[in-house]
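Below: the structure, in structure tokens.
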Amino acid sequence: MRTSISHSITLKNVAIKNKAVLAFLAVWFGIYLPRIFHFFNLGHVFLPMFLPITVVSLSLPLPYIIIVSSITPLLSNLLYGMPLLNTAIIMCGQLIIVGTSQRLLLHTRISRYAIVPISIFIERFLTLGVSILLPSLSISTKAVLMSYPGIIILTIVGLTTVRAFYID
């Protein structure tokens, strides 16, 4: 007799405690993953702080996403001095835009597999616009445009997350 076990994870009915644990893990990875990338001076290219936000934005409710997106860069600055405070504040906005747009797009007719690239495009477009309109904020236009490898990695992580959490 052959038995098969399929694992399909959905977080709709998971207890708040488990959601808080996932949010904590996202903050932890959001703080320590960039340290690994910055050791090789690749943080601005591969967007490592965006990776955990992408995972939680596809699996947690909006309030958790906003909290994780706000806490992660500020706590990283507080603990390690990186990113610098002005950059951490800008990153809070970027992460909130990415996480919120991914979560909101999840409830539309847009393919789940297109959500991450679209949300990253929205965030990059808005960040580029702000860097042009408000040059005093010191947002590097070059850094915004150089992050294509990170966008590719975020898309792959997003596709993997969608497949893991939303198997239909």
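Per my numbering, the sequence shown starts with residue 585, numbered consecutively.
C-beta: ideal position from N, C-alpha, C; glycine also.
So residue i and residue j are supposed to be a Cβ contact under 8 Å. How far apart are they, rounded?
i      : j      : result
Val629 : Gly742 : Contact doesn't hold; Cβ gap of about 18 Å is too wide.
Ser654 : Thr745 : With a Cβ gap of about 21 Å, Ser654 and Thr745 do not count as contacting.
Alpha carbon to alpha carbon, how far is residue i from residue j?
i      : j      : result
Phe623 : Leu617 : 10 Å
Leu626 : Pro647 : 30 Å
Ile737 : Thr692 : 23 Å
Ile615 : Leu689 : 26 Å
Phe634 : Lys726 : 18 Å
Phe621 : Asn602 : 28 Å
Gln678 : Ala672 : 10 Å
Thr739 : Arg619 : 21 Å
Val639 : Val605 : 13 Å
Ser592 : Arg747 : Annotation note: pLDDT 41 at Ser592 (below 50); position unreliable, coordinate value reported separately. Approximately 9 Å between the Cα atoms of the pair.
Phe613 : Ile694 : 28 Å
Glu707 : Gly665 : 24 Å
Pro719 : Pro645 : 34 Å
Phe705 : Leu721 : 20 Å
Does the Cβ of residue i lie closer than 7 Å to at least one heavy atom of the ligand ADP?
i      : result
Leu617 : The ligand ADP is not part of this structure, which contains no ligands at all.
Counting only the same chain and skipping the five closest in sequence on each side, list residues whose C-beta sits under 7 Å from that of residue i.
i      : result
Leu710 : Ile681
Leu669 : Asn661
Ser581 : Given a span of 585 to 752 for the chain in the structure shown, any question on residue 581 remains unanswerable.
Met675 : Met633, Pro657, Pro667
Ser590 : In this prediction, Ser590 has a pLDDT of 41, which is less than 50 and means its spatial position is unreliable; what the coordinates show is noted afterwards. Answer for Ser590: no residue qualifies.
Which residues in the same chain as residue i place their Cβ atom closer than 6 Å to its Cβ, once the five residues preceding and following it in sequence are excluded?
i      : result
Gly545 : Past the boundaries of the shown model lies residue 545; the chain is included only from 585 to 752, so the question cannot be answered.
Pro701 : Thr739
Leu631 : Ser731, Gly734
Between the beta-carbon of residue i and the beta-carbon of residue j, is there less than 8 Å?
i      : j      : result
Ala698 : Ile651 : no
Ile723 : Ser715 : yes
Val611 : Leu659 : yes
Val728 : Leu717 : no
Within a Cβ cutoff of 8 Å, which residues of the same chain sit near residue i, ignoring the five residues on either side of it in sequence?
i      : result
Leu609 : Pro636
- Could you name each continuous alpha helix (DSSP H) segment of 4 residues or more that falls completely within the segment 676 to 742, going from the start of the chain to the end? 699 to 717, 725 to 730
- Where in the segment 612 to 650 do unbroken runs of the alpha helix (DSSP H), each at least 4 residues long, occur, reported from the N-terminal end onward? 627 to 630, 634 to 641
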